[in-house]
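Q:
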Amino acid sequence: MTGHSSWEEQRYLYPHDVRDKFPVWEREFSIQPFKYERARLPFRMSNEERLWRKQWLQDQVLAADEPKNVPNLNKLHKNPVRYRWMVFWDSVFNRLRPAVGNNAASLLRQVVPKFLLIHLGVCSWIYMILYHKQDWEKWGGAQIYGYKGYNAATVQPWKSLESNDYVDRGFKARTSNRWSEHKY
Numbered sequence: 035m036t037g038h039s040s041w042e043e044q045r046y047l048y049p050h051d052v053r054d055k056f057p058v059w060e061r062e063f064s065i066q067p068f069k070y071e072r073a074r075l076p077f078r079m080s081n082e083e084r085l086w087r088k089q090w091l092q093d094q095v096l097a098a099d100e101p102k103n104v105p106n107l108n109k110l111h112k113n114p115v116r117y118r119w120m121v122f123w124d125s126v127f128n129r130l131r132p133a134v135g136n137n138a139a140s141l142l143r144q145v146v147p148k149f150l151l152i153h154l155g156v157c158s159w160i161y162m163i164l165y166h167k168q169d170w171e172k173w174g175g176a177q178i179y180g181y182k183g184y185n186a187a188t189v190q191p192w193k194s195l196e197s198n199d200y201v202d203r204g205f206k207a208r209t210s211n212r213w214s215e216h217k218y
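Its first residue numbered 35, the sequence shown is counted upward by one per residue in my numbering.
#1: Going by DSSP, what residues sit across from lysine 167 in a beta bridge?
#2: Are the stretch 112-125 and the stretch 88-95 in contact at 8 angstroms, needing three or more beta carbon pairs?
#3: Applying the 10 Å Cβ sphere with the 16-neighbour rule, what's the burial state of phenylalanine 77?
#4: I need the DSSP call for glutamine 89, collapsed to helix, strand or coil.
#5: For the alpha helix (DSSP H) containing aspartate 124, name the first residue and the last one.
#6: Determine the direct distance from the alpha carbon of serine 140 to that of asparagine 106, and round the result to whole angstroms.
#7: Please classify phenylalanine 63 as buried or exposed, where buried requires at least 16 neighbouring CB atoms within 10 angstroms.
#8: Out of curiosity, what's the CA-to-CA distance linking leucine 151 and arginine 203?
#9: Using the rule of at least 16 other Cβ atoms within 10 Å of the residue's Cβ for burial, across every protein chain shown, is phenylalanine 127 buried or exposed?
#10: Helix, strand or coil for proline 105, going by three-state DSSP, please let me know.
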């Protein structure tokens, strides 16, 4: 049976996967010859193709000394900052291993560094919000509005605003450059 078969036969012979809808550069690249059993039927494979597949299957069997132990392999595959971060935390939790046990030390090794990074990020964000507010002197910063009151009795009556009162960001309350040349 030579040549191309119909699309119905192709659909039946080669089961589709959800990854078939991925772009070509993201699909799995299989080097296995005649991956699907239906493609290995007697009238579909020649004897040369059978020998090729047999050799490929024999090549997948690991030797006695495989997988090889490559020293410092984890150091080669990680960037220097990540490697030093990993070595530091491994050394800390390897010292704790006799006291808390293997399972607890492994769990703590995974959780504590991530929690500390998240905590550092939240503290940095709170610091930026509290101490780097947006004002007229700089471009960045957080714009924070105060509490407006719980009910209508505590809300102050509206005052009339001029057109230059909007988005003031503390410009009128400045202490420097107050002379008349700097008015807007």
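Just so you know, even glycine gets a beta-carbon here, dropped at the ideal spot from N, CA and C. What you are looking at is a predicted structure, and each value in this text was computed from that prediction instead of being measured.
A: Walking through what the data contain:
#1: If you number the sequence shown from 1, residue 167 lands on position 133. Lysine 167 pairs with Ala176.
#2: no
#3: For the purposes of this step, residue 77 is taken as residue 43 along the sequence shown, with counting starting at 1. Per the 10 Å Cβ criterion, exposed.
#4: Within the sequence shown, the letter at position 55 stands for residue 89. Helix.
#5: As a first step, residue 124 is located in the sequence shown; it is residue number 90 there, counting from the start. Residues 114-134.
#6: Your numbering for residue 106 matches position 72 in the sequence shown. Your numbering for residue 140 matches position 106 in the sequence shown. Cα-Cα distance, rounded: 21 angstroms.
#7: Taking the sequence shown and counting its residues from 1, one reaches residue 63 at position 29. With a 10 Å radius around the Cβ and a threshold of 16 neighbouring Cβ atoms, phenylalanine 63 comes out exposed.
#8: In the sequence shown, the residue the question calls residue 151 occupies position 117. In the sequence shown, the residue the question calls residue 203 occupies position 169. Going from the Cα of leucine 151 to the Cα of arginine 203 covers about 33 angstroms.
#9: To locate residue 127, count along the sequence shown from 1; it is residue 93. Buried, by the Cβ-count rule.
#10: Residue 105 sits at position 71 when you count from the first residue of the sequence shown. Proline 105 falls in the coil class under three-state DSSP.
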